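A.B. asks: Below is a structure I'd like to ask you about.
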Amino acid sequence: MIKCILVDDEPLAISLLENHISKMGELKIVATCNNALEAYRILRGQQVDLMFLDIQMPDLNGIEFFKSLDRKPSVIFTTAHRDYAVEGFELEAVDYLLKPITFERFFRSVQRIMRKSNIFPEPDFLIFKSGGFNHKILIREILYFESFGNDLKVYFQGTSITVSKSTVSELAGLLYDKGFVRIHRSFLVNTSHITSISSQEILMGNISIPVGRSYKKEFEDFARKFLGN
Numbered sequence: 014m015i016k017c018i019l020v021d022d023e024p025l026a027i028s029l030l031e032n033h034i035s036k037m038g039e040l041k042i043v044a045t046c047n048n049a050l051e052a053y054r055i056l057r058g059q060q061v062d063l064m065f066l067d068i069q070m071p072d073l074n075g076i077e078f079f080k081s082l083d084r085k086p087s088v089i090f091t092t093a094h095r096d097y098a099v100e101g102f103e104l105e106a107v108d109y110l111l112k113p114i115t116f117e118r119f120f121r122s123v124q125r126i127m128r129k130s131n132i133f134p135e136p137d138f139l140i141f142k143s144g145g146f147n148h149k150i151l152i153r154e155i156l157y158f159e160s161f162g163n164d165l166k167v168y169f170q171g172t173s174i175t176v177s178k179s180t181v182s183e184l185a186g187l188l189y190d191k192g193f194v195r196i197h198r199s200f201l202v203n204t205s206h207i208t209s210i211s212s213q214e215i216l217m218g219n220i221s222i223p224v225g226r227s228y229k230k231e232f233e234d235f236a237r238k239f240l241g242n
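Numbering (this note's numbering), first residue to last: 14 to 242.
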């Protein structure tokens with residue numbers, strides 16, 4: 014069980030996180046706070062494993078508050094602005110979530126902390142929200158991902174879905190050790206479904222996907238393994 018604290022000065026943001034967490038039996042909320050000073054008192058008084066921490070708050074912002082802590086729990090920063098992403102990751106945050114936080118993006122973030130904490134084995138599926146539904150897709154059935162700005166198209170056996178506010182970059186790190194390789198700015202592919210390769214493209218049956226110039230080296234490393242030399 015991961016003990017969580019939610020720190021945000023927006024009641025609606027707290028409510029959304031509470032709703033997401035209610036679907037995850039492995040998480041337990043021990044406190045909710047609307048400012049950093051209140052959170053500081055909670056952290057002094059009890060064990061907290063994970064803190065969902067808003068960045069823009071009155072008096073003391075989330076990043077400065079987190080830096081000030083001597084004993085730091087794992088942290089997932091939440092904010093409506095992208096500007097703090099680099100600084101957030103420099104503090105070794107588990108993740109950096111942009112509001113409004115969708116359940117599938119929240120779920121992926123929680124998977125990271127669970128793997129880090131050895132709460133459960135590596136999951137063999139991902140959850141994406143599309144068309145008003147949460148879709149559970151087995152990783153082995155995913156063919157590839159294609160990026161369209163801030164949207165992502167997931168191609169899997171038989172069909173595809175479009176997911177908003179997700180990117181190839183976001184998934185590349187998560188799926189690197191699952192046999193996926195990024196071969197283009199817009200494409201992340203499941204190598205187990207590749208049937209043929211050349212220096213400029215890969216084939217999945219009759220599907221052709223180009224190899225981007227910036228991803229040649231990563232692709233060549235994979236190609237050597239694919240060819241067995």
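Positions of the beta carbon are idealized from the N, C-alpha and C atoms, including for glycine.
No experiment lies behind these values; they were computed from the predicted model shown.
How far does the beta strand (DSSP E) with residue 183 in it extend, from its first residue to its last?
C.D. replies: Within the sequence shown, numbered from 1, the residue matching residue 183 stands at position 170. Careful: residue 183 lies outside any beta strand (DSSP E), inside the alpha helix (DSSP H) at 181-188.
A.B. asks: With the cut-off set at 8 Å, would you say residue 163 and residue 116 are in Cβ contact?
C.D. replies: Numbered from its first residue, the sequence shown carries residue 163 at position 150. Numbered from its first residue, the sequence shown carries residue 116 at position 103. Going by C-beta atoms, residue 163 is not nearer than 8 Å to residue 116.
A.B. asks: Could you check what DSSP says for residue 20 in three-state terms: helix, strand or coil?
C.D. replies: Translated into positions along the sequence shown, residue 20 becomes position 7. Strand, per DSSP.
A.B. asks: In whole angstroms, give me the CA-to-CA distance for residue 226 and residue 122.
C.D. replies: As a first step, residue 226 is located in the sequence shown; it is residue number 213 there, counting from the start. As a first step, residue 122 is located in the sequence shown; it is residue number 109 there, counting from the start. The straight-line gap from Cα to Cα measures roughly 30 Å.
A.B. asks: Give me the Cα-Cα distance between residue 222 and residue 149, rounded to the nearest whole angstrom.
C.D. replies: Here residue 222 refers to the residue found at position 209 when the sequence shown is read from its first residue. Here residue 149 refers to the residue found at position 136 when the sequence shown is read from its first residue. So the alpha carbons of these two residues sit roughly 25 Å apart.
A.B. asks: So, at 6 Å on beta carbons, what are the nonlocal neighbours of residue 166 in its own chain, with the 5 sequence-adjacent residues on each side left out?
C.D. replies: Working through the sequence shown from its first residue, we reach residue 166 at position 153. Cβ neighbours of residue 166 beyond the five flanking positions: 159, 173 and 175.
A.B. asks: What are the start and end residues of each continuous alpha helix (DSSP H) run of 4 or more residues lying completely inside the segment 53-83, in chain order?
C.D. replies: 75-81
A.B. asks: Report yes if the CB atom of residue 83 is closer than 8 Å to the CB atom of residue 48, and no otherwise.
C.D. replies: Here residue 83 refers to the residue found at position 70 when the sequence shown is read from its first residue. Here residue 48 refers to the residue found at position 35 when the sequence shown is read from its first residue. Contact flag unset, no.
A.B. asks: Let me confirm a value: residue 203 is counted as buried when at least 16 other C-beta atoms fall within 10 Å, else exposed. Which label applies?
C.D. replies: On the sequence shown, position 190 is the one that residue 203 refers to. The residue in question, residue 203, is buried, as its Cβ has 16 or more Cβ neighbours within 10 Å.
A.B. asks: Counting C-beta neighbours from all protein chains within 10 Å, is the total for residue 14 16 or more, i.e. buried, or is it exposed?
C.D. replies: Position 1 of the sequence shown, counting from 1, holds the residue named residue 14. Residue 14 should be labelled exposed.
A.B. asks: Name the residue from 205, 219, 200 and 233 whose alpha carbon lies nearest to the alpha carbon of residue 211.
C.D. replies: As a position in the sequence shown, residue 211 is number 198, starting the count at 1. Ranking 205, 219, 200 and 233 by Cα distance to residue 211 puts 233 first.
A.B. asks: I'd like the list of long-range same chain contacts for residue 78, defined as Cβ closer than 6 Å, with 5 residues on each side in sequence excluded.
C.D. replies: Stepping through the sequence shown from its first residue, residue 78 is reached at position 65. These residues qualify, in order along the chain: 49.
A.B. asks: If you follow the beta strand (DSSP E) that residue 214 is part of, which residue opens it and which one closes it?
C.D. replies: Taking the sequence shown and counting its residues from 1, the one referred to as residue 214 is at position 201. Taken as a continuous stretch (DSSP letters only), the beta strand (DSSP E) holding residue 214 covers 214-217.
A.B. asks: Looking at the strands, I want to know which residues DSSP matches up with residue 159.
C.D. replies: One-based indexing of the sequence shown puts residue 159 at position 146. For residue 159, which the question treats as bridged, DSSP gives the partners 166 and 200.
A.B. asks: Reducing DSSP to helix, strand and coil, say where residue 93 ends up.
C.D. replies: Start at 1 with the first residue of the sequence shown, and residue 93 comes out as number 80. Reduced to three states, the DSSP call for residue 93 is coil.
A.B. asks: For residue 126, which residues from the same chain have a beta carbon less than 7 Å from its beta carbon, with the 5 sequence-adjacent residues on both sides left out?
C.D. replies: By 1-based counting over the sequence shown, the position of residue 126 is 113. Result list for residue 126: 15, 63, 87 and 107, in chain order.
A.B. asks: Please report how far the alpha carbon of residue 18 lies from the alpha carbon of residue 45, in whole angstroms.
C.D. replies: Counting from one through the sequence shown, the residue named residue 18 turns up at place 5. Counting from one through the sequence shown, the residue named residue 45 turns up at place 32. Residue 45 has its alpha-carbon roughly 6 Å from the corresponding atom of residue 18.
A.B. asks: Residues in its own chain within less than 6 Å of residue 168 by CB, not counting five upstream and five downstream?
C.D. replies: Position 155 of the sequence shown holds residue 168. Excluding sequence neighbours, residue 168 sits near 156 and 157.
A.B. asks: Terminal residues of the continuous beta strand (DSSP E) containing residue 175?
C.D. replies: If you number the sequence shown from 1, residue 175 lands on position 162. Its beta strand (DSSP E) spans residues 172-177.
A.B. asks: In its own chain, which residues sit with a C-beta less than 8 Å from the C-beta of residue 36, not counting the 5 before and 5 after it?
C.D. replies: For this step, residue 36 is matched to residue 23 along the sequence shown. Same-chain partners within the cutoff: 116.
A.B. asks: So, at 6 Å on beta carbons, what are the nonlocal neighbours of residue 206 in its own chain, with the 5 sequence-adjacent residues on each side left out?
C.D. replies: As a working mapping, residue 206 is identified with position 193 in the sequence shown. Excluding residues within five positions, the ones whose Cβ falls inside 6 Å are 156 and 217.
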